[in-house]
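Numbering (the numbering used here), first residue to last: 41 to 377. Cβ atoms here follow ideal geometry from the backbone N, Cα and C, with glycine treated the same way. All figures in this text were calculated on a predicted structure; none of them were measured in a lab. Heads up: the structure comes next, in structure tokens.
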Ligand SMILES: [Zn+2]
Ligand SMILES: [Zn+2]
Ligand SMILES: [Zn+2]
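Here it is as structure tokens:
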């Protein structure tokens with residue numbers, strides 16, 4: 041079973057997940073990065089038996105579960121970082137705190153088409169992916185042992201995607217991860233001092249200044265954040281203040297898919313399909329609607345490597361000012377070709 045260990049000094053957490061491991065000596069051999077191609081891909085049609093049984097699938101036509109015919113399919117991760125069967129337990133031993141690795145790790149397969157991607161499949165497909173994410177989120181949120189559900193997407197081997205077939209992932213944890221807690225605490229302090237939401241203030245300021253906006257529509261703004269950690273980092277911020285992302289209306293869902301695809305297409309076209317990580321930040325499952333917290337998406341293209349200084353200090357060196365990155369990403373696709 042995996043376990044969660046708390047750093048006794050910083051209070052940060054790590055997951056020790058032996059099930060995902062190779063033998064220690066395997067790390068020494070370091071074979072060249074090999075990813076499963078289409079020939080053996082477990083996410084393609086006809087290989088449904090190579091994943092754990094599906095927990096959700098959209099089947100526009102007929103079809104039995106775990107057979108072809110689906111358009112979006114959600115399955116438990118075969119090598120989960122946390123285990124849904126673990127009994128929730130914590131223990132303190134000397135200076136150390138341990139929490140059993142209770143949690144859920146699922147894969148949301150975005151399309152049956154191996155070669156497709158978020159920037160090539162139709163907008164309706166991305167809407168369906170988000171509907172599946174919301175459905176699974178709400179189902180898992182009912183489990184009282186789970187306190188936070190992290191939705192994310194890794195694209196490209198450098199960004200950690202071990203399978204090239206397009207997919208999102210979801211990891212539900214029995215604790216609120218430190219980064220989320222830090223955002224919640226800081227937003228709460230800002231709200232207490234000014235009676236305003238910091239994210240609403242950022243939206244208003246950035247729109248007025250117009251230095252870092254990449255794209256906008258009626259419901260969303262995409263901008264390169266003031267303190268971008270990496271070149272071309274961007275955030276998607278909803279205009280409507282909501283702490284929980286699953287309250288998206290159908291028209292917001294449509295606008296979310298449209299604006300995200302548009303900016304992702306520009307990123308892919310202008311920087312040769314760079315690897316990236318996409319992360320959703322939303323309120324913890326047990327938090328009531330909060331005036332001080334505002335859900336958002338963060339996308340970090342992996343064009344630079346975080347090295348000794350970043351790992352040693354938590355301070356990132358970013359060679360591309362967000363103002364320059366935003367201008368670059370504003371260029372429409374027509375101008376690129
Ligand atoms: Zn595939
Ligand atoms: Zn807000
Ligand atoms: Zn965030």
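Residue i - DSSP class collapsed to helix/strand/coil
i           : result
residue 47  : coil
residue 331 : coil
residue 123 : strand
residue 155 : coil
residue 110 : coil
residue 142 : strand
residue 65  : coil
residue 288 : coil
residue 346 : coil
residue 116 : strand
residue 198 : helix
residue 355 : coil
residue 149 : strand
residue 360 : coil
residue 224 : helix
residue 168 : helix
residue 303 : helix
residue 183 : coil
residue 310 : helix
residue 270 : coil
residue 231 : helix
residue 216 : coil
residue 83  : coil
residue 104 : coil
residue 161 : coil
residue 367 : helix
residue 251 : coil
residue 326 : coil
For residue i, the residue or residues it bridges with in DSSP
i           : result
residue 321 : 336
residue 190 : 211
residue 277 : 261
residue 256 : 261
residue 238 : The partner list for residue 238 (beta bridge, DSSP) is empty, contrary to what the question assumes.
residue 131 : 138
residue 245 : Answer is none; residue 245 lacks a bridge partner.
residue 96  : 114
residue 341 : 316
residue 53  : 46
Cβ pair residue i, residue j closer than 8 Å
i           : j           : result
residue 206 : residue 168 : no
residue 128 : residue 144 : no
residue 180 : residue 191 : no
residue 296 : residue 170 : yes
residue 85  : residue 152 : yes
residue 255 : residue 325 : no
residue 199 : residue 99  : no
residue 334 : residue 283 : yes
residue 308 : residue 159 : yes
residue 318 : residue 337 : yes
residue 315 : residue 141 : no
residue 150 : residue 176 : no
residue 117 : residue 89  : no
residue 218 : residue 346 : no
CB-CB length for residue i against residue j, believed under 8 Å
i           : j           : result
residue 60  : residue 136 : At roughly 22 Å, the Cβ-Cβ gap does not stay under 8 Å, so residue 60 and residue 136 are not in contact.
residue 269 : residue 340 : 7 Å
residue 172 : residue 114 : 6 Å
residue 263 : residue 246 : 5 Å
residue 274 : residue 369 : 7 Å
residue 288 : residue 242 : That belief does not hold up - the Cβ atoms of residue 288 and residue 242 are roughly 20 Å apart, past 8 Å.
residue 194 : residue 271 : No, residue 194 and residue 271 are not in contact; Cβ-Cβ is about 18 Å, not under 8 Å.
residue 227 : residue 237 : 7 Å
residue 44  : residue 139 : 4 Å
CB contact check: residue i to chain B, cutoff 8 Å
i           : result
residue 285 : Protein chain content of the structure displayed is limited to a single chain, and chain B is not contained in it.
So, does the region 359-370 touch the region 238-257, judging by three or more C-beta pairs under 8 Å? yes
Given 8 Å, three or more beta-carbon pairs between the region 180-188 and the region 207-219: yes
Can you confirm whether the region 318-331 touches the region 254-265 when touching is taken to mean that 3 or more C-beta pairs between the two stretches lie within less than 8 Å? With the cut-off at 8 Å, the region 254-265 and the region 318-331 do not touch.
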